[in-house]
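Since the structure comes first, as structure tokens, the remarks are kept for the end.
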Amino acid sequence: MTTRDMTAYRKVAVHSEEWNGQVEIHPMPGQAYATDLNVQCSRRMCDTRIYPLGTSFLVDAKLTDRLGGPQYLYVWHGDDINVMSDQEAEVFLGAYRRVRL
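Counting in the UniProt record's numbering, the sequence shown runs from 1 upward without gaps.
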């Protein structure tokens, strides 16, 4: 069994949104990642019966590509799903902005 190199992962606030008629997960604004960057994660996070459109999540993600293809954020499918309230997301993004200055 191999272990993940957790130093390659960082905390990222993401949310679900409708994109080209489908539910996708993308980074929230105000972070180091473009808001249209795809996030590969558990399909449950896109299930609007469980998590309404616009739900915010805090994930451990790493920037990667597949054999030179477009970059995307990868979230291991076995990680716990951490839903953030609007206030929690605001606090996280506020702290992130302060760290970047």
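Backbone N, C-alpha and C fix where the C-beta goes; we use that ideal spot for every residue, glycine too.
| Asked | Found |
| --- | --- |
| Residue of Phe92, Val91, Gln22, Leu93 minimising C-alpha distance to Cys46 | Gln22 |
| Unbroken beta strand (DSSP E) run spanning Trp19, endpoints | 10-19 |
| C-beta atoms of Val91 and Val59 nearer than 9 Å | no |
| Check whether Ser85 and Phe57 have beta carbons under 9 Å apart | no |
| Beta carbon of Gln40 nearer than 9 Å to that of Tyr74 | yes |
| Beta-carbon spacing of Arg10, Ala61 below 9 Å | yes |
| In DSSP terms, what Gln40 is bridged to | Tyr74 |
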